[in-house]
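Down below is the structure, laid out as structure tokens.
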Amino acid sequence: MTHDTYPTDEPAVVTCGLPYANGDLHIGHFRTYVGGDVYARALETLGQQTAFVCGSDMHGTPVAVDAKQNDEDPETLALDYYREHKALFPEFNVEFDEYGHTRQPTNIEITTQIVQTLEERGYIDEREATVAYDPEADQTLPDRYVEGTCPYCGSKARGDECDEGCGRHLEPGEIENPVSTITGNEAEYREQTHKFFRLSDLQEYLQALIERLEGTDNAKHQPREWIFGELEDWCITRDIDWGVDYPGELPDGQDRLVLYVWVDAHIEYISATKQYTERAGATEYDWKSAWKDDGEIIHIIGRDIIQHHTVFWPSVLHATDYNEPRAVLASGFMTLHGKGFSKSRGRAIWAREYLDEGFHPDLLRYYLMTTGGFQQDVDFSWEKFSEKVNNDLVGTLGNFLYRSLLFAHRNFGGTPEADPSKTVTARIEDAIVAFNTAVNEYTVREIGTIAVTLARFGNEYIQNNEPWALTDSDPERAAKVIRDCVQLVKAIAVLLEPVAPEKSQALWKQLNEDGSVHDQTVQAALDPPSQEFDAPTELFETLEDERVEQLNAKLDKRVREISGDAAVSSEANGNELAEVEPLTDERVSMETFETIDLRTGEVQSADPIAESDHLVKLMVDIGHETRQIVAGIKQSHDIEALPGTQVVIVANLEPATIMDHESNGMLLAAGEQVDLLTTTEDTQPGTKIR
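If you count by full-length UniProt numbering, then the sequence shown holds residues 1 to 690, one letter each, in order.
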């Protein structure tokens, strides 16, 4: 790892979190897989040697649980989903250089070697662990075989993770009120000897690592509570039949232990890279140079597994002389009409379903990458998808590409014989700089928007210069304008490739360019376009309101049939119809209500709280004074745009301390999208709400 500006002379590895091989993928899953593909392609467009690898997680307890429920062998179940996932990714133009799985011999071999090295170096010891036990089933309950209450936040949690609350990793025995998922009965706790990785021995290393780690802010700040707090050692074995056998000596009384899934799952990143080298050849890509020397290791993951990639995984790598991650990019979650995706309730847009509706994969790729920041939560609706496609891809990008190439073909048979103007050349050079900056700042959204921004400039340029009015009066000037437009089109084809690879290749062919756009670097954006090309076809089609209504009706029907939920779709006018909470039967008196002091305020400043994924510290002017208020709006709002915003606050709420920050008031907001209440007029701060 160099920390040099990309492109560097060292090979890069881009990875995505491994999907469990136990179920279908929905479009929310593709935020990270498309994000990884976009970032890997962008690195290559800069000229960086890059391997993009991933694989299926075969050994997670979700696989074992589902197999048991279906009375099926876990390996058979997992292999079926592995093949399904491997075939699905290319249909979304997610092109892994290697997509393996954790049960392949390469991964088991490297996992065994790494664990044995940890043992030899004194990083593993035996200890008593408190584990849940089901007396009726007469078995221990690792991870997702047990559910209960999170000891940290009180939310419903799984055995290894508080998945519905604070998101913390949970060690065996931590979950409160344990219940067996096998029988549904109350579980009990027993002591059992397990193997522990001495994570606390590496605390000083981790504290230094987190200071040099690159990537998204949430990945750099969320682990600090662990790393700078009391770092506990990590139980790395489980009493379960499905997994990679522990390769060392077992504790007394234990016939078999398998490794915790997060040991061999991470190691698949190395294994897949090695398999890529074995298939392509070391001259094409050398896995040892990437993982053992100074390679640039970049992990692109979901927010729920940040600790695994910034605490557990780097510690294992460091302790066994592998290269550490240079960057971790963690995406926000995706909701559907303001509510979480739910398989049991049918509330999901499945990846296969999206394709079966006839939509091009590049449309979804663009939507996922450019709707909100990568680390922000994003809400999907067919209305928002339609608006993004129609405004950006059809109205801006497609409009400029088609009108420019059609005019050039009809009037000049291709690219006019003229030099590009300094203005347009400078604009393309600026776009290349912006592209380079976006890659180096890990801003996936900016990578996705650069081509559309260039097209927006192109539309203004062609409209201001009106070449159609110059063909007779000033044909030389008309030729210069269209020559500029064709150059912009070529630049767009190159810069669009990471986010919309199939559409950019189609545009490349319309320009009659040689080879593949996928092999081009950013400098190709300034190369002269082909002299001749045929009449273009339109790359994007408008998504009509009627189609959106049909899609919503289909989704609503499925949700009702599966779960009886209320409709989740939006009305035809585009206003979202969310599942509204029922009114409470309890009433308060006017006297009680009048004790609540509601005031208007104006946000003076907004600063994200580094150690939290959700909290922002606001300074709010309420007329009489400026109050500090802490609010959970980081994922739902553009923080930089908040200063100057009028808000409504509860002014007489008792002060509270939230993550060591005093909050002296409460913002009022509506719904799960945290729509801040405001006023329609320029009301003076401090005005009382009546």
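Cβ atoms here follow ideal geometry from the backbone N, Cα and C, with glycine treated the same way. Computed from a prediction, not measured in an experiment: that's the story for all the values here.
C-alpha of ASN93 to C-alpha of ARG326: approximately 26 angstroms in a straight line.
Excluding the 5 residues flanking it on each side, ASP392 has same chain C-beta neighbours closer than 8 angstroms at TYR366, THR370, VAL452, in chain order. Residue environment: PRO314 is assigned as buried (16 or more neighbouring CB atoms within 10 Å of its CB, all protein chains considered).
Around the C-beta of PHE228, fewer than 16 other C-beta atoms lie within 10 Å, and the residue is accordingly described as exposed.
For TRP242, the secondary structure class from DSSP, reduced to helix, strand or coil, is coil. Counting of Cβ neighbours within 10 angstroms places SER636 among the buried residues, the total reaching 16 or more. The alpha carbon of LEU118 has as its nearest neighbour, out of ASN22, ALA12, ALA132, GLY248, the alpha carbon of GLY248. Straight through space, the alpha carbons of TYR39 and ARG303 are spaced by roughly 17 angstroms. Of all alpha-carbon atoms in PRO7, HIS101, ASP356, LEU355, the one lying nearest the alpha-carbon of ALA78 is that of HIS101. Apart from the 5 residues on each side of it in sequence, GLY47 sits with its Cβ closer than 6 angstroms to the Cβ of PRO7, THR521 in its chain, given in chain order. In the DSSP assignment, ILE236 falls outside any beta strand (DSSP E) and carries neither an H nor an E. Under the DSSP assignment, PHE30 falls in the alpha helix (DSSP H) whose first and last residues are 30-46.
Here the C-alpha atom of SER331 lies approximately 6 angstroms from the C-alpha atom of ILE301. Bounds of the beta strand (DSSP E) holding CYS16 are 12-16.
According to the DSSP assignment, MET619 belongs to the beta strand (DSSP E) that extends over 616-621.
HIS624 counts as exposed, since fewer than 16 other C-beta atoms from the protein chains shown sit within 10 angstroms of its C-beta.
Rounded to whole angstroms, the Cβ separation of VAL244 and HIS59 is 6 angstroms, and the two are in contact under 8 angstroms.
Here DSSP, grouped into helix, strand and coil, assigns ALA535 to coil.
Under the three-state reduction of DSSP output, HIS101 falls in the strand class. Within its own chain, the residues whose Cβ lies closer than 7 angstroms to the Cβ of LEU543, once the five positions on either side in sequence are excluded, are SER386, VAL389, ASN390, listed in chain order. Looking only at GLN523, PRO528, GLN505, the smallest Cα-Cα distance to VAL517 is reached by GLN505. When DSSP states are grouped into helix, strand and coil, HIS337 belongs to the coil group. The continuous alpha helix (DSSP H) containing GLY448 extends over residues 444-465.
Closest by C-alpha distance to ALA129, out of ASP71, VAL53, GLU44, THR237, is THR237.
Shown here, SER504 sits in a helix according to DSSP, grouped into three states. Judged by pairs of C-beta atoms under 8 angstroms, the segment 463-477 does not touch the segment 496-505, as fewer than three such pairs exist.
Taking C-beta separations shorter than 7 angstroms and ignoring five residues to either side along the sequence, the partners of GLU532 in its chain run GLY413, GLY414, ASN512, following chain order.
The shortest C-alpha to C-alpha distance from TYR81 to any of PHE96, GLY55, THR423, LEU257 is the one to GLY55. Between THR106 and GLN113, the alpha-carbon positions lie close to 11 angstroms from each other. Under the DSSP definition of a beta bridge, TYR20 partners with ASP57.
With fewer than 16 neighbouring CB atoms inside 10 Å of its own CB, LYS422 falls in the exposed class. Look at PHE400 here: in three-state DSSP terms it is helix.
Contact between PRO420 and ARG483 is confirmed by a C-beta separation of about 6 angstroms, below the 8 angstroms threshold. By a beta-carbon distance limit of 8 angstroms, VAL14 does not contact GLY295. Their separation comes to about 11 angstroms. For PRO142 against ILE240, the beta-carbon gap comes to about 5 angstroms, under 8 angstroms, which counts as contact. CYS153 is classed as exposed because its beta carbon has fewer than 16 other beta carbons within 10 Å across all chains shown.
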